[in-house]
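K.L.:
For reference, the structure I am asking about is given below.
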Amino acid sequence: MSSWTPESLYDYFDQYAGVARSRAEDLRSRSAREQIEILTRVRETWAERLRGLEEDAFVNLLVALVEDLYFLGADVPEITRELLGYVVAVWGTGLHVASERGWRVRHVIDNRWSDPSAASAIFSLLAPAAEMTFVLALDDDAPRLLAELEGHALYLDPRAEPDCLDEVLTAPRRPGDIVIERHEAPEPGSPAHAWVTPRS
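Residue numbering for the sequence shown follows this note's numbering, beginning at 189 and increasing consecutively.
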């Protein structure tokens, strides 16, 4: 396999290795035609391999994929066109396949951001590229908004107040929901908790 279609599925997005940023830098050095060809190949190969995974392996990879999107957003200095293209090809495809397989992801996070507008600027671009809706929780109406959403969502409370995630974590879940809860700093290897509601 080429470096763009690595043997390990985790090497498509591993934030430990800075995969997305290095791919974006590589894409920037190429022509528009080459970029399209590369990203099309990545998307098609990645989707085919995801569809071939057993359910447990797919869910485990999906949790890591979603977590690494948050790590990327917390670490990236700027959102470039090339980075968004890679996010669409890998994260967008991954979440699209998750929908096909009957899964819905809720990534709920209460990490403190000193500048919530910075979080909004970053994830308002990254989340839609990954086929997720971004909800920035700055008031008591945010949990209701999340409950009304049908698709995948990234829910961030940048105030990190005590028990601020209680309402969204105790909301009713439907078959196929994967809820990932993060309180720790956005660093690869830091703990998060995931709850999987089996599909009906």
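Glycine included, C-beta positions come from ideal geometry on N, C-alpha and C.
Exposed or buried, residue 381, counting other C-beta atoms within 10 Å across all chains shown (16 or more means buried)?
P.N.:
Exposed: under 16 other Cβ atoms inside 10 Å.
K.L.:
By DSSP, does residue 301 sit in helix, in strand, or in coil?
P.N.:
Note: residue 301 maps to coil in three-state DSSP.
K.L.:
Using a Cβ-Cβ distance cut-off of 8 Å, determine whether residue 198 contacts chain B.
P.N.:
The chain labelled as chain B is not found in the depicted structure, where only one protein chain is given.
K.L.:
Between residue 204 and residue 338, what straight-line distance do the alpha-carbon atoms span, to the nearest angstrom?
P.N.:
Looking at the two C-alpha atoms, the distance is approximately 31 Å.
K.L.:
Give the range of the alpha helix (DSSP H) segment to which residue 208 is assigned.
P.N.:
Counting along the chain, the alpha helix (DSSP H) containing residue 208 begins and ends at 207–216.
K.L.:
Rounded to the nearest angstrom, how far is the Cβ of residue 294 from that of residue 343, given a contact under 8 Å?
P.N.:
Correct: roughly 7 Å between the Cβ atoms.
K.L.:
Would you call residue 245 buried or exposed, if buried means 16 or more other Cβ atoms sit within 10 Å of its Cβ?
P.N.:
Label assigned to residue 245: exposed.
K.L.:
Taking the alpha helix (DSSP H) that residue 246 falls in, what are its first and last residues?
P.N.:
Start and end: 243–263.
K.L.:
Tell me, which residues are paired with residue 343 by DSSP?
P.N.:
For residue 343, which the question treats as bridged, DSSP gives the partners 296, 323.
K.L.:
Only counting the same chain, and skipping five residues up and downstream in sequence, which positions put a Cβ closer than 7 Å to that of residue 386?
P.N.:
Cβ within range, chain order: 363.
K.L.:
Could you pull the DSSP bridge partners for residue 381 from this structure?
P.N.:
Partner(s): 369.
K.L.:
Name the residue from 351, 288, 348, 260 whose alpha carbon lies nearest to the alpha carbon of residue 310.
P.N.:
Closest by alpha carbon: 260.
K.L.:
Check for me: the alpha helix (DSSP H) holding residue 331 runs from which residue to which?
P.N.:
330–336 is the extent of the alpha helix (DSSP H) around residue 331.
K.L.:
Grouping DSSP H, G and I as helix and E and B as strand, with all else coil, what is residue 200?
P.N.:
Residue 200 falls in the helix class under three-state DSSP.
K.L.:
Tell me whether residue 195 sits in a helix, a strand or coil according to DSSP, three-state version.
P.N.:
Residue state, collapsed to three classes: coil.
K.L.:
Are the stretch 299–309 and the stretch 207–225 touching by the rule of at least three beta carbon pairs closer than 8 Å?
P.N.:
In short, these stretches do not touch, since the Cβ pair count stays below three.
K.L.:
Should residue 207 and residue 214 be called a contact, given that it needs their Cβ atoms to be closer than 8 Å?
P.N.:
The answer is no: Cβ separation not under 8 Å.
K.L.:
Short check: CB of residue 253 to CB of residue 340, under 8 Å?
P.N.:
No, they are not a contact pair.
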